[in-house]
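S.K.: This structure is in structure tokens; I'll ask about it shortly.
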Amino acid sequence: MISIKNLYKTYDQGGRKVEAVKDVNIKIARGEIYGVIGFSGAGKSSLIRCVNLLEVPTSGSVQVNGVEMTKLGSEGLRQARRKIGMIFQHFNLLSSSTVFDNVAAPLKLSGTPKEKISQRVTELLGLVGLADKGNSYPSQLSGGQKQRVAIARALANEPEILLCDEATSALDPQTTDSILELLLDINKRFQITIMLITHEMHVIKKICDRVAVMENGRVVEQGTVLDIFSKPQTQTATNFIKNVFDIHLPENLQKKFKAEQAKGEIVRISFIGETTAEPVFAELATRFPLKPNILFGNITQIKETTFGSLILKLSGSSEEIRAGLEYVREQGLSVEVLQNVE
Amino acid sequence: MWSSLFDKGDLYLQALGETWWMTIDSFLIATILGLPLGILLVVTRPKHIYENPIIYNTLNIIINIFRSIPFIILMVAIIPFTKFIVGTAIGVKGAIVPLVVYTAPYIARLMETALLEVDPGIIEAFQAMGATRRQIVFRVMIKEARPAISLGLTIATIGLIGATAMAGVIGAGGLGDLAIRYGYQRWELDVMVITVIILVIIVQGVQSLGNYIAKRLRKQ
């Protein structure tokens, strides 16, 4: 649905060249929710603006639904943009227009007949749960309600793609969750492809299928959210995950084990999906003469899948431990032997 | 003191009428010229929707030049131009041309300030939904800036009333002229005081009206 190839965006800031986006390659499938995460200044905002050409890429290709966006003329670009909805961190609603008129704005721009506008706006306001707010002005709404209006407006022209630019960053955690649920609902109901950028791993974990981690203009890591959570390759990804899902041994325990210099191995076992690790541990204890001792654990939900990580201490001979871990791997769990207790 | 109101009633009415027409006519023409200039000053600036450094810089310099000339000098300096436009350089007619030349650049600056207050995020949102540049100017920028535009035009009107006081120099009459000729030159203090009171009332009225309109627009 969206295909970004070798994308570069360079800004000229008073003679100084600033490379905001460097050699980014991303493919987003139809109906997918794709997240881009990074700290502020990582280039994600420039990247998402290159998709609908609010920022003109310096080089590289951006294809949306097979159409090369960078080659479109101004009229072609306007037509293409009508099929790409966008929502923003600060909602960007017309303060001088009612909720109804805000949602109607894109339809008016394209010259839709009045009766049809009225019908469509009513339908959209119902969809986002603001059926009774049509005559209110944005200043009378809460942040979450404003974002709902913005979502309704973005959906007015029945787009195939929705771009979300830090859409929940100005909202409190509870409102963030309700907006994310609305986005997930829209994605399922209308098969709309969603590309979002955020600095909150919580957002990625809650609704995204795949994720790209950006740092200094480059995508340093990308894959399914489950993969990134279970095997983060970069320090940046690890840090982001840490915020929502800590898989590290607390410091006091680390100190304790270092002091003890206990025999045996400390391993991290990660499991994905409904099959929990429980029967495997029971087997470990009975089949092999090993004593698994759970030191630390964390279980969370990634979109609709359970994901857990446990840190175990296995006591026994190194032979037995090796055989035991082999067995665990055979059961489809991922095992990582921790060299240092951390 | 108030007796002069009745003795010179016709004089006050005539002066009021002259000030009224000078202000209204110049205001309308200056707004028709100044509003588009203000829009141009915003949309041609770097990174805006009609970015054009030549138009932007030229306009900026010209407006600054006109804004630096004191009205009384401007009025005399452009007499040939005034004659060319309206055929005379004296009277109310002759005053309107310099008043417009003086006020239009002022309005352009005030409109520029008002339009720059419009959240760039809203403009971006409309670009993202496929709006044309014209639609952005008329349906977003002007629409959103209406309260600020109305306050700016109020300031311009009050400045304009002040400038009409000097138009007496070219025989355009008006309240300011009355205050100078009777109040100052003939030392009739009561005429001076009454004219000033009338001017205060007019300015208060204009400001209140402007505030009221801005408030109504903002409430929406």
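Protein chains in written order, with the working numbering: chain S, 1 to 342; chain A, 1 to 220.
Glycine included, every Cβ here is placed at the ideal spot set by N, Cα and C.
Could you check where the beta strand (DSSP E) with Ile221/S kicks off and where it finishes?
M.R.: Checking the sequence, you will find Glu at residue 221/S rather than Ile. That run of the beta strand (DSSP E) goes 218 to 224.
S.K.: Using a cut-off of 8 Å between C-beta atoms, extract the partners of Phe88/S located in chain A.
M.R.: Gly121, Glu124, Ala125
S.K.: Below 8 Å on the Cβ atoms is my contact criterion, and I expect Ala150/S with Ile87/S to pass it. Report the Cβ-Cβ distance as a whole number of Å.
M.R.: 5 Å
S.K.: By alpha-carbon positions, which one of Leu53/S, Arg30/S, Thr58/S ends up nearest to Asp12/S?
M.R.: Thr58/S
S.K.: If we count Cβ pairs, one from each stretch, closer than 8 Å, do we get three or more for the stretch 1 to 8 of chain S versus the stretch 42 to 55 of chain S?
M.R.: yes
S.K.: Can you list the residues of chain A that Ser45/S reaches, using a CB-CB cut of under 7 Å?
M.R.: Under the 7 Å cutoff, chain A gives no residues; its nearest Cβ is about 11 Å from Ser45/S.
S.K.: Using the Cα positions of Val341/S and Lys231/S, report the straight-line distance between them to the nearest angstrom.
M.R.: Model confidence at Val341/S stands at a pLDDT of 49, short of 50, so the residue's coordinates are unreliable and nothing is read from them.
S.K.: Whose C-beta lies closer than 6 Å to the C-beta of Pro105/A among residues of the same chain, with five residues either side of it excluded?
M.R.: Excluding positions up to five away in sequence, the list reads Ile63, Phe66, Arg67.
S.K.: My guess is that Ala156/S and Val103/S are in contact by the Cβ rule of under 8 Å, so how many angstroms apart are they, rounded?
M.R.: 6 Å
S.K.: If you check the beta carbons only, do Ile197/S and Leu180/S fall under 8 Å apart?
M.R.: no
S.K.: Look at the Cβ atom of Ala170/S, then the Cβ atom of His248/S, and state whether they are nearer than 8 Å.
M.R.: Annotated as distal: Ala170/S and His248/S, with beta-carbon spacing of 8 Å or more.
S.K.: Check whether the stretch 74 to 84 of chain A touches the stretch 8 to 21 of chain A, taking contact to mean three or more Cβ pairs, one atom from each stretch, closer than 8 Å.
M.R.: no
S.K.: Residues in its own chain within less than 6 Å of Asp101/S by CB, not counting five upstream and five downstream?
M.R.: none
S.K.: Leu54/S touches chain A at which residues, Cβ-Cβ below 9 Å?
M.R.: Glu124, Gln127, Ala128
S.K.: Since Ile84/S and Ile161/S are thought to touch, with beta carbons under 8 Å apart, how far apart are those beta carbons, to the nearest angstrom?
M.R.: 5 Å
S.K.: Can you list, in chain order, the residues of its chain whose CB lies under 8 Å from that of Thr103/A, leaving out five sequence neighbours each side?
M.R.: Only Ser26, Phe27, Ala30, Gly34, Ala156, Gly159, Leu160, Ala163 meet the Cβ criterion.
S.K.: When you compare the CB of Pro106/S with every CB in chain A, is at least one pair closer than 8 Å?
M.R.: Residue contact check for Pro106/S against chain A: a CB pair falls below 8 Å.
S.K.: From the beta carbon of Gln135/A, is the nearest beta carbon of chain S less than 8 Å away?
M.R.: yes
S.K.: Name the residue from Leu295/S, Ala237/S, Thr238/S, Phe240/S whose alpha carbon lies nearest to the alpha carbon of Gln254/S.
M.R.: The alpha carbon of Gln254/S has as its nearest neighbour, out of Leu295/S, Ala237/S, Thr238/S, Phe240/S, the alpha carbon of Leu295/S.
S.K.: Mapping DSSP to helix, strand and coil, what is Val341/S?
M.R.: Summary for Val341/S: the model assigns pLDDT 49, below 50, so the residue's position carries little reliability; its value from the coordinates is reported in the next sentence. Three-state DSSP puts Val341/S in coil, outside helix and strand.
S.K.: According to the neighbour-count rule (16 or more other Cβ atoms, all chains shown, within 10 Å of its Cβ), is Lys114/S buried or exposed?
M.R.: exposed
S.K.: Between which two residues does the beta strand (DSSP E) carrying Ile96/A extend?
M.R.: Element bounds for Ile96/A: not the beta strand (DSSP E) but the alpha helix (DSSP H), 91 to 116.
S.K.: Starting from the C-beta of Gly35/S, find all residues in its chain whose C-beta is less than 6 Å away, skip the five residues before and the five after it, and write them out in chain order.
M.R.: Leu196, Ile204, Cys208, Val211
S.K.: Could you pull the start and end residues of the beta strand (DSSP E) that Pro343/S belongs to?
M.R.: It is not possible to answer for residue 343/S, since the shown part of chain S is limited to 1 through 342.
S.K.: Looking only at DSSP bridge pairs, what is Arg210/S linked to?
M.R.: Tyr34/S, Thr224/S
S.K.: Would you kindly report the start and end of the unbroken alpha helix (DSSP H) that includes Asn243/S?
M.R.: According to the DSSP assignment, Asn243/S belongs to the alpha helix (DSSP H) that extends over 235 to 244.
S.K.: Between which residues of its own chain and Val225/S is the CB-CB distance below 8 Å, once the five residues before and five after are set aside?
M.R.: Gly35, Ile204, Lys205, Cys208, Asp209, Arg210, Val211, Ile302, Lys303
S.K.: Residues of chain S with CB closer than 7 Å to the CB of Ala131/A, please, in chain order.
M.R.: Leu109
S.K.: In angstroms with no decimal places, state the Cα-to-Cα distance between Leu153/A and Gly210/A.
M.R.: Those two C-alpha atoms are separated by around 8 Å.
S.K.: Using a Cβ-Cβ distance cut-off of 8 Å, determine whether Arg78/S contacts chain A.
M.R.: For Arg78/S, the closest Cβ of chain A is nearer than 8 Å.
S.K.: Skipping 5 residues on each side, what residues in its chain have a beta carbon closer than 6 Å to that of Glu144/A?
M.R.: Val118
S.K.: Please confirm if the stretch 15 to 22 of chain S is in contact with the stretch 85 to 93 of chain A, defined as three or more CB-CB distances below 8 Å between the two stretches.
M.R.: no
S.K.: At 9 Å on the CB atoms, spell out the chain S contacts of Arg146/A, in chain order.
M.R.: Ser96
S.K.: Can you tell me whether Tyr182/A is buried or exposed? The criterion is at least 16 other CB atoms within 10 Å of its CB, across all chains shown.
M.R.: buried
S.K.: Compare the C-beta of Lys143/A with all C-beta atoms of chain S and state if any pair is closer than 8 Å.
M.R.: yes
S.K.: Straight-line CA distance for Ile241/S to Thr306/S?
M.R.: Counting only the Cα atoms, Thr306/S lies some 15 Å from Ile241/S.
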